[in-house]
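In what follows, a structure is listed as structure tokens, so that the remarks can point back to it.
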Amino acid sequence: MTIEVKNIVKKFGSFAALDNVDLKVDQGELLALLGPSGSGKTTLLRIIAGLDWPDAGEVLIDDEDALARGASERHVGFVFQHYALFRHMTVFENVAFGLRVQPRAIRKDEATIRARVKELLDLVQLDWLSDRYPSQLSGGQRQRIALARALAIEPRILLLDEPFGALDAKVRKELRQWLRSLHSEIHVTSIFVTHDQEEALEVANRVVVMDKGRIEQIGTPGEVYDHPATAFVHGFIGESIVLPVDVSGGSVRLGGRPLNIAANGAASGASKLFVRRHDMHIGPAGSGSLEGAVRHVRSFGPIQRAEVALSDGEGKTVIEIDAPRDRELQAGEIVSLQPRRYRIFAAQD
Amino acid sequence: MSTQSSVVTSATELRAYAPTADLTVSPPPSRIERARPRTGTSPDNLRTEPGPVRFIIITLAVTFLSVFVVLPLVVVFASAFSKGIGAYLAALGEPEALAAIKLTLLVAAISVTLNLVFGVIAAWAIAKFDFTGKTFLITLIDLPFSVSPVISGLVFVLLFGAQGFFGTWLQAHDIHILFAVPGIALATIFVTFPFVARALIPLMQEQGTQEEEAAISLGASGLQTFFRVTLPNIKWGLLYGVLLCNARAMGEFGAVSVVSGHIRGETNTMPLLVEILYNEYQFVASFAIASLLAMLALITLVVKTVLERRLDEGQEPRDH
Chain A
1 MTIEVKNIVK KFGSFAALDN VDLKVDQGEL LALLGPSGSG KTTLLRIIAG LDWPDAGEVL
61 IDDEDALARG ASERHVGFVF QHYALFRHMT VFENVAFGLR VQPRAIRKDE ATIRARVKEL
121 LDLVQLDWLS DRYPSQLSGG QRQRIALARA LAIEPRILLL DEPFGALDAK VRKELRQWLR
181 SLHSEIHVTS IFVTHDQEEA LEVANRVVVM DKGRIEQIGT PGEVYDHPAT AFVHGFIGES
241 IVLPVDVSGG SVRLGGRPLN IAANGAASGA SKLFVRRHDM HIGPAGSGSL EGAVRHVRSF
301 GPIQRAEVAL SDGEGKTVIE IDAPRDRELQ AGEIVSLQPR RYRIFAAQD
Chain B
1001 MSTQSSVVTS ATELRAYAPT ADLTVSPPPS RIERARPRTG TSPDNLRTEP GPVRFIIITL
1061 AVTFLSVFVV LPLVVVFASA FSKGIGAYLA ALGEPEALAA IKLTLLVAAI SVTLNLVFGV
1121 IAAWAIAKFD FTGKTFLITL IDLPFSVSPV ISGLVFVLLF GAQGFFGTWL QAHDIHILFA
1181 VPGIALATIF VTFPFVARAL IPLMQEQGTQ EEEAAISLGA SGLQTFFRVT LPNIKWGLLY
1241 GVLLCNARAM GEFGAVSVVS GHIRGETNTM PLLVEILYNE YQFVASFAIA SLLAMLALIT
1301 LVVKTVLERR LDEGQEPRDH
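First to last, the sequence lines map onto chains A and B. Heads up, the first sequence stops at 349 in the working numbering, and the numbers go up one at a time, no gaps. Heads up, the second sequence stops at 1320 in the working numbering, and the numbers go up one at a time, no gaps.
The structure is reproduced here in structure tokens:
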């Protein structure tokens, strides 16, 4: 099933939660909506589900106008951040709910419903909990039950709102892998919302990065990480060093000093230089275009993280760099720095 | 005993104070106010006062309650049975008494049913939607608690009385509201309106709308969502509100007194009949009926305690 969103605008008072959003989701995709809080990602998900209504724009599910139907008629599975399990029903009844409320004409008989619920509980590996109440389950179990409940209606698409947001880090990692393998098993077109870049990059086939009600970039995890389209995406995904630079006629200057790097076609004017922490090469003093004093070094795993105060006159700019441990750095050492890979974006403010 | 009615009623009516003994009907505390202390430190951890001080405080509280609550209650039953159980039963078997009991039950049934429906609708609107004038609506719901019941009754006299706003029209169409069952029911509905709504609003606000949204996304219709999801979630709170509403509806004196007209065997409710019998020095009969109201109060108290326990169990700790 495909989803198409065209020119969606949604305002809460004077605040534009969604500002002209276009998105196309292909059959069988597992798509992540990634962005900071307030970026409009949950609003977009709720509009697709029919739990919110846009002020303008179109939503097509399988080329069919979804806005003409209410949430109960869209056949969309929705998984809530705080599970929203029915607290007075057992796990079994929670999962069976969607089957029991079907119009009498198409409602299945009790035996079929029982078999189907059993099948779903097996799928989420929690059939042994079917007589428990939601309050007796752990967070991870609740979320899996919520997913089984959403799948019970054989949804055309599956929408998950911060599905792992309320879980602790370890459970979260387990569930991520579990969700990915579940998706490859059932292959239903899915969108999940997250503010956790690692989650988005690890789970999704494609990532939609949002900020302030707009889509900043759509791409595979590799594309958004390696080729961020905007300054926001570069800053939001992965750890970046950001330095204010001036671009004029193909040369790049930091605080008046020329940097030995190409402008790569960046427009003249005040700009920002983005470098990944591990893409900043540290060499002996005098070998690169930037210089600084190492202030702290912390070593863990394969890297050492150095805090370097740039000698840009005042020594106020401090950056963190991840260097391999082939050469141990010392605090107080003067080093030179050279960006290996970098991006330059026009400064917006 | 509702403080408002005792403050406002005149000196002669105050004599009816002891027999009516409707102990239960004060405005319900907000669920949140009530629930909070339970989650705090348990009393065992608060032994900061020296023993004698604790002893004096506890003795004072117990003495006060005994004198002002238990003693009047004992007096009601003692007076009712002072001439033996035969006289007690005979007093309750009087046609006037039976008529009063029937009328009270009828009025309570009407007002509790209507307030149940209105209360759920009002609480639903307030807890689940945002709209302009919401604060005003919440204030309006509490109005019956802040207005003296006598004034509440008087409002209906001004509206439906012979010289009232609709008086002429009603007379022309031969419709009797004042000094008849509709008037008594209206006054009771007005006075007891807040109970159900006030019991539900904090509960529904706390529960939010997510479960309803989940039900709708699973294909449930509006009615299915209400009966399968919303109602089961609020049932204990709803029963709590209905219980208090019923206790007040049966025990209401002030507002009903103004609109009833005191027609013997026709428009006297139990509290009104208690006063009349007492004024006529029929103490056994008066206290016999009062004892029924007192029993209602006691039963209400027990059920209320049970419901409060169920409500607290229903509060599922949320993990965020």
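Beta carbons are placed, not taken as given, at the ideal position from N, Cα and C, and that holds for glycine.
- Proximity of I186 (chain A) to chain B, defined by a Cβ-Cβ separation below 8 Å, is not satisfied.
- Taking 3 residues as the shortest admissible run, the region 207-252 of chain A contains the following complete beta strand (DSSP E) segments, listed from N- to C-terminal end: 214-219, 240-248.
- Between the region 213-223 of chain A and the region 182-194 of chain A there are fewer than three inter-stretch CB-CB distances shorter than 8 Å, so the stretches are not counted as touching.
- Annotated as proximal: Q81 (chain A) and A166 (chain A), with beta-carbon spacing under 8 Å.
- DSSP assignment within the region 51-102 of chain A yields the following whole alpha helix (DSSP H) runs of 4 residues or more, N-terminal first: 91-100.
- When B:M1250, B:G1093, B:G1251 are compared, the shortest CA-CA separation from A1288 (chain B) is found for B:G1093.
- When secondary structure is reduced to three states using DSSP, P284 (chain A) falls in the strand class.
- The C-beta of E1206 (chain B) comes no closer than 8 Å to any C-beta of chain A.
- When Cβ-Cβ separations below 8 Å define contact, S39 (chain A) makes no contact with chain B.
- Bounds of any alpha helix (DSSP H) do not take in P258 (chain A); it lies within the beta strand (DSSP E) bounded by 257-262.
- Taking the CA atoms as reference points, V1242 (chain B) sits about 7 Å from F1195 (chain B).
- Residues of chain B with a Cβ closer than 8 Å to the Cβ of L51 (chain A) are, in chain order, E1213, I1216, S1217.
- For N1279 (chain B), the enclosing alpha helix (DSSP H) begins and ends at 1270-1279.
- M1295 (chain B) sits exposed, since fewer than 16 C-beta atoms from the chains shown fall within 10 Å of its C-beta.
- Below the 7 Å Cβ cutoff, chain A contributes H88 as neighbours of P1232 (chain B), in chain order.
- Taking a Cβ-Cβ cut-off of 7 Å, the neighbours of A1220 (chain B) in chain A comprise S72, V101, given in sequence order.
- For R327 (chain A), there is no enclosing alpha helix (DSSP H), as DSSP marks it with neither H nor E.
- Contact note: F15 (chain A) does not reach chain B at a C-beta cutoff of 7 Å; the least C-beta distance is about 15 Å.
- At a beta-carbon threshold of 8 Å, the residues of chain B lying near A84 (chain A) are Q1210, E1211, E1213, A1214, ordered along the chain.
- Within the same chain, F1160, G1183 come within 6 Å of I1177 (chain B) by CB-CB distance, once the 5 residues on both sides are set aside.
- Looking at A:I61, A:T90, A:G283, A:R343, the one whose alpha-carbon comes closest to that of L137 (chain A) is A:T90.
- Judged by DSSP in its simplified three-state form, S39 (chain A) adopts coil rather than helix or strand.
- Contact check between the region 15-35 of chain A and the region 113-132 of chain A: fewer than three CB pairs, one atom from each, fall below 8 Å, which does not count as touching.
- CA-CA distance, I1141 (chain B) to V1112 (chain B), rounds to 16 Å.
- When DSSP reads this structure, Q338 (chain A) sits in a beta bridge with A:H281.
- Listed along chain B is no residue with a C-beta nearer than 9 Å to that of F192 (chain A); the closest approach is about 15 Å.
- Under the three-state reduction of DSSP, D196 (chain A) is assigned to coil, being neither helix nor strand.
- Here I215 (chain A) is buried, its C-beta having at least 16 other C-beta atoms within 10 Å.
- In the three-state reduction of the DSSP assignment, A267 (chain A) falls in the coil class, being assigned neither a helical nor a strand state.
- When the five nearest sequence neighbours on each side are left out, the beta carbons in the same chain lying within less than 6 Å of the beta carbon of G1261 (chain B) are those of F1179, T1267, in order along the chain.
- V1306 (chain B) is outside the set of residues whose beta carbon lies under 8 Å from a beta carbon in chain A.
- One Cα belongs to A17 (chain A), the other to L44 (chain A), and the distance between them is close to 9 Å.
- Judged by DSSP in its simplified three-state form, V1120 (chain B) adopts helix.
- Residue contact check for V1229 (chain B) against chain A: a CB pair falls below 8 Å.
- Judged by DSSP in its simplified three-state form, N20 (chain A) adopts strand.
- Per the coordinates, the alpha-carbon of G1251 (chain B) lies some 40 Å from the alpha-carbon of S135 (chain A).
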